[in-house]
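J.: In this text, residue positions in the sequence shown follow this note's numbering: the first is 630, and each later residue adds one.
Here it is, the structure in full.
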Amino acid sequence: MPSKSHKYIHWIIWTCIALCVLLALGFGALSYISFDWVKSHLDALAVDGNADKFTPVVFKKMVSRLQIAGSGFLFLSFALILFRKPLQQHLHHSLTGISFSKFYRDTKHHISAAWTEVSPQHQFLFLIIFFIGVIIRICFLFQPMRHDEAFTFTNYASKPLFVALSNYSFPNNHLFHTFLVHIFYLCFGNHEWIIRLPALFTGILLLPVAYLTIRQFYTYQVALISLALIATASPLVEYSINARGYMLICLFFLLLLILAQNLLIQSDKARWITFSLVGALGLYTIPIMVYPLSIVFIWFFASILKTTNKRTRLRQLFFSGISIGLLTAFFYTPIFLGSGPQALFNNRFVRAAPSWESFFNALFHSGTELGQLWTLDYPFALTLLFIICLIIGCISFSNPKTVPLVIALPICLLLITLQKVMPPERTWLFLMPLCFAWIANGLIYFLEQLKPRSSHQTVITTIAGLLTIISLPGAIQNLSNHYQYGPGTLRDANQITQMLAPKLTPTDRVLTIATAAPLEYYFNHQNVSIKHLRTPITSANRIILIVMESKYSLEEVLKKGQIPSMQFSSPQLIHRYDSAAIYMLIRQSL
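Structural data, given as structure tokens:
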């Protein structure tokens, strides 16, 4: 007599077959919808009311992809019917013994044990550092919208999910993060701080997860000092209150590391499923997850080779990699259908550098910028000490568990060299907690060589507290300055919109350079027509120039805006804000 689990699996397989048939029929039906019907609906969803990038050529390619997908799902449904019995047996064998409740209890016990093993002094300082990290993030949560997050919300997260998760016109669309922002936006409304809540919660959760991960690989002393640096590091704080997906990548990387370490000790199906799901969600958030995922897999592979049951573990790791790939492909199906594979794999941001010379120049420039960004919070003397400790921390590890922290940088360098692509500096945020762990490990090692008693809890907690106090002022100053002068920052976009709203006429053009996205956000938020940012210069009677004087001169904006000087009056200053000056040009009568 079939067991209860067999019956459940039987119905799951038939549900999947029915779903595949419905998808095949649905994609087939969608491929017969007319271009005009689709264009009219996309125009209604476009920021400026005109989805001009959706052309008949794009539509034809989309129809072809829908037909291929429909055929694929129809084929899959027949395959499931044909092989349903062996598949049912395989799933029964694979799913038997999975206990997420046990996984939850083990995790809870691990956290409880980690907490009770340390002294009350350590616990108290952990809570103080954690709350400082939370408070500094919340203090900067209500800053004006910046370019990337405003662009992402306006063009993706504010749209219906079938548009938001199928449109990859720019890599700004961090898909899993976009999904989370969309849910928060629907539930709580359109406010800057609500749009940033997924990043904020991730940035806060990163603190205890980083502590536990570093403690798993080193000691609780190293973890506490690392936490002091992570909690106040301005780059990590900034992307905890910037509606982007980079903090999710940091969090997923640390979760993969701690899961991998646990799987070496206790290999169970619930942990493997969680490991695969975390990896797939990371890749679904941003494709740059391939860098941290490669680090974890290479270390995991090397660590498995040292175990006694290496054959079983290697097979599990292999199937986990396959699962991550299949899950990621499934998550990206709307992108493949809506935007095409080239949008993901061949956009201008991932194309190889034209020459090795340009690549290595970009690598040197990016490395310099990254070093400056990561050391801005600290005085020169402390930065020098950190560099020394970093070197010591890399070469003084005492057990093989710390190897991933050492091989991380070479793996990333190898990957970007093979790609011949230099990603932006924010790509490497996930390495910051590891670098701080290196520094903390080197610092404790250095102190123990000078005086063995320096490992005493009082000394360690004092160092962690001092580092928090020393780092905090620099972090606050840099966060304030970066929001004032950083790229895409138009701090007064909201006030500018409020000032312009009652004065704009249908033939006015609002022109700015490199700061349009924040204006688009606040124009939409305050129900000002976005067409003022799109009106052709040739049909505008007045031009309102928004000049970020810290970056561009008035002459540069006039030149880049291609404004015919003979047709318009000289620019007249109508208002000056901290972040920009507002000028008006009036068309001259013939």
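For each residue, glycine too, the CB sits at the ideal point set by N, CA and C.
Can you check which of these residues, P1053, L1058, S1158, is closest to A1037 by C-alpha distance?
T.: As a working note, residue 1037 is residue 408 in the sequence shown. The shortest Cα separation from A1037 among P1053, L1058, S1158 belongs to L1058.
J.: Touch check for the stretch 855-862 and the stretch 824-844: three-plus C-beta pairs under 8 Å?
T.: The answer is yes - the stretch 824-844 touches the stretch 855-862, with three or more Cβ pairs under 8 Å.
J.: Does G815 pass the burial test, meaning 16 or more other C-beta atoms within 10 Å, or should it be called exposed?
T.: By one-based count along the sequence shown, residue 815 stands at place 186. With the sequence shown as reference, residue 815 is identified as Leu, and Gly is not the correct amino acid for it. Exposed: under 16 other Cβ atoms inside 10 Å.
J.: To which residues does DSSP link L1141 through a beta bridge?
T.: The residue given as residue 1141 occupies position 512 in the sequence shown. According to the sequence shown, residue 1141 is Thr rather than Leu. Its beta-bridge partners are I1175.
J.: Rounded to whole angstroms, how far is the Cβ of I1175 from the Cβ of T1144, which I believe are closer than 8 Å?
T.: The sequence position of residue 1175 within the sequence shown is 546, counting from 1. The sequence position of residue 1144 within the sequence shown is 515, counting from 1. Confirmed, about 7 Å.
J.: Of all the beta strand (DSSP E) runs that stay within the bounds of the stretch 1159-1211, which reach a length of 3 or more residues?
T.: Those beta strand (DSSP E) runs which fall completely within the stretch 1159-1211 and span 3+ residues are 1171-1176, 1201-1205.
J.: Let me know the secondary structure DSSP gives M774 once reduced to three states.
T.: As a working note, residue 774 is residue 145 in the sequence shown. Here M774 sits in coil by DSSP.
J.: From the DSSP output, in three-state form, read off M1128 for me.
T.: Position 499 of the sequence shown, counting from 1, holds the residue named residue 1128. M1128: helix per DSSP, three-state reduction.
J.: Please report the residue range of the alpha helix (DSSP H) in which W1003 lies.
T.: Residue numbering aside, residue 1003 sits at position 374 when the sequence shown is read from its first letter. Looking at the DSSP string, the run of the alpha helix (DSSP H) that includes W1003 is 985-1004.
J.: Does L934 come out as helix, strand or coil in the three-state DSSP assignment?
T.: Start at 1 with the first residue of the sequence shown, and residue 934 comes out as number 305. The answer is coil: DSSP assigns L934 none of H, G, I, E or B.
J.: Three or more C-beta pairs closer than 8 Å, one from the stretch 1164-1172 and one from the stretch 776-789: is that the case here?
T.: Because the criterion of three Cβ pairs below 8 Å is not met, the stretch 1164-1172 and the stretch 776-789 do not touch.
J.: Helix, strand or coil for I915, going by three-state DSSP, please let me know.
T.: The residue you call residue 915 lines up with position 286 of the sequence shown. Three-state DSSP puts I915 in coil, outside helix and strand.
J.: Please return the same chain residues whose Cβ sits closer than 6 Å to the Cβ of L1129, not counting the five positions on each side in sequence.
T.: The residue you call residue 1129 lines up with position 500 of the sequence shown. Excluding sequence neighbours, L1129 sits near nothing in its chain.
J.: What's the call for N1235, buried or exposed, on a 16-neighbour Cβ count within 10 Å?
T.: Past the edges of the chain, shown from 630 to 1219, lies residue 1235, and the structure says nothing about it.
J.: Along the chain, where does the alpha helix (DSSP H) containing N891 start, and where does it finish?
T.: For the purposes of this step, residue 891 is taken as residue 262 along the sequence shown, with counting starting at 1. N891 -> alpha helix (DSSP H) spans 875-894.
J.: Using alpha carbons as the reference points, say which of N1156, L884, E778, I761 lies closest to T807.
T.: Within the sequence shown, the letter at position 178 stands for residue 807. Per the Cα distances, E778.
J.: What's the C-alpha gap between K690 and E1184?
T.: Position 61 of the sequence shown, counted from the first residue, corresponds to residue 690. Position 555 of the sequence shown, counted from the first residue, corresponds to residue 1184. Distance between the alpha carbons of K690 and E1184: 43 Å.
J.: Let me make sure I understand the geometry here. Which of P1053, I1020, R980, S968 has the alpha-carbon closest to that of T997?
T.: Residue numbering aside, residue 997 sits at position 368 when the sequence shown is read from its first letter. When each option's Cα is compared against that of T997, the closest is P1053.
J.: Using CA atoms only, rank isn't needed, just tell me which of I823, A675, T831 is closest to V792.
T.: Position 163 of the sequence shown holds residue 792. When each option's Cα is compared against that of V792, the closest is A675.
J.: Taking all protein chains shown into account, decide if I1017 is buried (16 or more other Cβ within 10 angstroms of its Cβ) or exposed.
T.: Numbered from its first residue, the sequence shown carries residue 1017 at position 388. That one is exposed.
J.: Quick one: what's got a C-beta closer than 8 Å to V851's C-beta in the same chain, skipping five residues either side?
T.: Sequence index remark: in the sequence shown, residue 851 carries index 222 (1-based). Answer for V851: I843, R844, A1066, A1069, N1070, I1073, listed in chain order.
J.: With a threshold of 16 other CB atoms inside 10 Å of the CB of W733, please say whether the residue is buried or exposed.
T.: Counting from one through the sequence shown, the residue named residue 733 turns up at place 104. Checking the displayed sequence, the identity of residue 733 turns out to be Tyr instead of Trp. Counting Cβ neighbours within 10 Å, Y733 comes out exposed, since fewer than 16 surround it.
J.: Taking contact to mean at least 3 C-beta pairs separated by less than 8 Å, is the stretch 960-972 in contact with the stretch 797-805?
T.: Yes, the stretch 960-972 is in contact with the stretch 797-805.
J.: Report all residues from its chain with a CB closer than 8 Å to the CB of M1061; omit the five preceding and five following residues, and keep chain order.
T.: As a first step, residue 1061 is located in the sequence shown; it is residue number 432 there, counting from the start. So the qualifying residues of the chain are I859, A862, P864, L865, C879, W1003.
J.: Suppose the cutoff is 6 Å on Cβ atoms and the five residues either side in sequence are ignored; what does the same chain contact list for G762 look like?
T.: Stepping through the sequence shown from its first residue, residue 762 is reached at position 133. Taken in chain order, the residues that qualify are L836, A860.
J.: Under 8 Å, with one C-beta from each stretch per pair, do the stretch 881-890 and the stretch 900-909 reach the 3-pair mark?
T.: Touching, yes, given that three or more Cβ pairs across the two stretches are closer than 8 Å.
J.: Using only alpha-carbon positions, find the residue among A872, V979, A653 that is nearest to S702.
T.: Counting from 1 along the sequence shown, the entry for residue 702 is found at position 73. As written in the sequence, residue 702 is Phe, which differs from the Ser given in the question. Here the closest residue by C-alpha is A653.
J.: Touch check for the stretch 931-941 and the stretch 647-664: three-plus C-beta pairs under 8 Å?
T.: No contact exists between the stretch 931-941 and the stretch 647-664.
J.: Take every Cβ of the stretch 760-776, pair it with every Cβ of the stretch 937-954, and state whether three or more of those distances are shorter than 8 Å.
T.: The answer is no - the stretch 937-954 does not touch the stretch 760-776, with fewer than three Cβ pairs under 8 Å.
J.: Determine the direct distance from the alpha carbon of A1010 to that of N974, and round the result to whole angstroms.
T.: By one-based count along the sequence shown, residue 974 stands at place 345. By one-based count along the sequence shown, residue 1010 stands at place 381. Before going further, note that residue 974 is Phe rather than Asn in the sequence given. Going by the C-alpha atoms only, they are around 44 Å apart.
J.: Which one or two residues does DSSP pair with M1213 in a beta bridge?
T.: For the purposes of this step, residue 1213 is taken as residue 584 along the sequence shown, with counting starting at 1. DSSP lists I1173, Q1201 as partners of M1213.
J.: Closer than 6 Å by C-beta to H1161: which residues in its own chain qualify, once you throw out the five before and the five after it? Chain order, please.
T.: Taking the first residue of the sequence shown as 1, we reach residue 1161 at position 532. Once the five neighbours on either side are set aside, the close Cβ partners of H1161 are L1133, D1137, V1139.
J.: Could you tell me if W744 is buried or exposed, where buried requires 16 or more neighbouring beta carbons within 10 angstroms of its beta carbon?
T.: Stepping through the sequence shown from its first residue, residue 744 is reached at position 115. W744 is exposed by the Cβ-count criterion.
J.: Given 8 Å as the limit, is there contact between the stretch 1206-1215 and the stretch 1149-1161, that is, 3 or more CB pairs closer than that?
T.: No, the stretch 1206-1215 does not touch the stretch 1149-1161.
J.: Given a cut-off of 9 Å on the beta-carbon distance, is the pair S728 and D897 in contact?
T.: What you label residue 728 is simply residue 99 of the sequence shown in a count that begins at 1. What you label residue 897 is simply residue 268 of the sequence shown in a count that begins at 1. Yes, the pair counts as a contact, with Cβ atoms nearer than the cut-off.
J.: From the DSSP output, in three-state form, read off Q1086 for me.
T.: To locate residue 1086, count along the sequence shown from 1; it is residue 457. Helix, per DSSP.
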